[in-house]
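The opening residue of the sequence shown carries number -17 in the working numbering; numbering runs sequentially from there. Glycine is no exception: its CB is placed at the ideal position from the N, C-alpha and C atoms. Bear in mind that the values here come from a model prediction, so they are computed numbers and not experimental data.
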Amino acid sequence: MTFADTRSFAAFVEQAAQAQAVAWRGLERMTDLQLQAIEDQARSVAGLFADAVVCQDADALRAVWEKGSDCQRDGVARATAAAGEIFDVARQTAGTLTAMVVPTPGA
-17 MTFADTRSFA
-7 AFVEQAAQAQ
3 AVAWRGLERM
13 TDLQLQAIED
23 QARSVAGLFA
33 DAVVCQDADA
43 LRAVWEKGSD
53 CQRDGVARAT
63 AAAGEIFDVA
73 RQTAGTLTAM
83 VVPTPGA
C-alpha cells in the first residue's frame, strides 16, 4: 500500500484508530456480558451449595436436589440469553466496522 501524501496517510491512521476503538468497545461489552453471566451462575450455585451444607436429613437433601435441577435450568437459560446478547454486540460491532470500511455511494 502506498500513500500519495502525508494527508492520505494521516487519514488512514485516523480511520484505523477509529476501527480499533470500535473493536475494543465491542470486545469490552462482550466481556462484561460474559463475566456478568459467570457471576450470576456462581452466585446461584453458591446459594445451592450453602443449602446443601446445612441439610440434616434425607428430605432436606431431596429439596436441595430439586432446587439444583431448577438452578441448572436457570443457568442454561441465563447462558443462552447471555450468548444471544453477546452475538448481538458482535453483530453490531461488525456492522459498524463494515460501515467504516465500505465506501458510501457518491462519496
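Who are the Cβ neighbours of residue i in its own chain at under 7 Å, not counting the five residues just before and after it?
i	result
residue 37	43, 46
residue 75	4, 5, 8
residue 65	none
Just the Cα atoms here: how many angstroms apart are residue i and residue j?
i	j	result
residue 32	residue 72	37 Å
residue 69	residue 13	12 Å
residue 22	residue -10	48 Å
residue 19	residue 57	9 Å
residue 50	residue 11	30 Å
residue 26	residue 34	13 Å
residue 62	residue 28	20 Å
residue -2	residue 48	53 Å
Pick helix, strand or coil for residue i, following the three-state DSSP scheme.
i	result
residue 37	coil
residue 45	helix
residue 22	helix
To which residues of the same chain is residue i closer than 8 Å at the C-beta, ignoring the five residues directly before and after it?
i	result
residue 83	1
residue 17	none
Once the 5 residues before and after residue i are set aside, which same chain residues still bring their CB inside 6 Å of it?
i	result
residue 78	4
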